[in-house]
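Numbering-wise (our numbering), the sequence shown opens with residue 144 and increments by one.
For glycine and all other residues, C-beta sits at the position ideal for the given N, C-alpha and C.
Here the structure is a predicted model, which is why all the values come from computation and not from measurement.
Please read the structure below before turning to the comments.
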Amino acid sequence: MSKPTHDSRLDPAATDDVYAAIMAAHDGLTDAQSHALNARLVLLMANALGDADEVATLCRTARVYAG
């Protein structure tokens, strides 16, 4: 199965800054703390997105990448 694409709303120029912010949030955390942070980030971002159908689509897309 080919990997789906998603229409990104993020300015391509900001992607490095977003990645850096996420990595900085994980700095110094244990694996368990990092996993918990990821779970909180997913829920916060889903809430910020505010579209249940979009969140469901993104979950399916992410699952394809999980292998």
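For this session: Using the Cα positions of Ala164 and Ala189, report the straight-line distance between them to the nearest angstrom.
Result: The residue labelled residue 164 in the question sits at position 21 within the sequence shown. The residue labelled residue 189 in the question sits at position 46 within the sequence shown. Looking at the two C-alpha atoms, the distance is approximately 18 angstroms.
For this session: Could you check the C-alpha separation between Ser151 and Ala175 for me, to the nearest Å?
Result: Here residue 151 refers to the residue found at position 8 when the sequence shown is read from its first residue. Here residue 175 refers to the residue found at position 32 when the sequence shown is read from its first residue. Each residue's Cα considered, the two are about 29 angstroms apart.
Exercise. With distances taken between CB atoms, is the gap from Leu172 to Leu180 smaller than 8 angstroms?
Worked result: Numbered from 1 along the sequence shown, position 29 holds the residue referred to as residue 172. Numbered from 1 along the sequence shown, position 37 holds the residue referred to as residue 180. The answer is yes: Cβ separation under 8 angstroms.
Exercise. In whole angstroms, what is the alpha-carbon distance linking Leu187 and Ala156?
Worked result: As a working mapping, residue 187 is identified with position 44 in the sequence shown. As a working mapping, residue 156 is identified with position 13 in the sequence shown. Their backbone Cα atoms lie some 23 angstroms apart in a straight line.
Exercise. Taking the alpha helix (DSSP H) that Leu153 falls in, what are its first and last residues?
Worked result: In the sequence shown, counting from the first residue as 1, residue 153 sits at position 10. Note, Leu153: premise wrong, no alpha helix (DSSP H); not H, not E.
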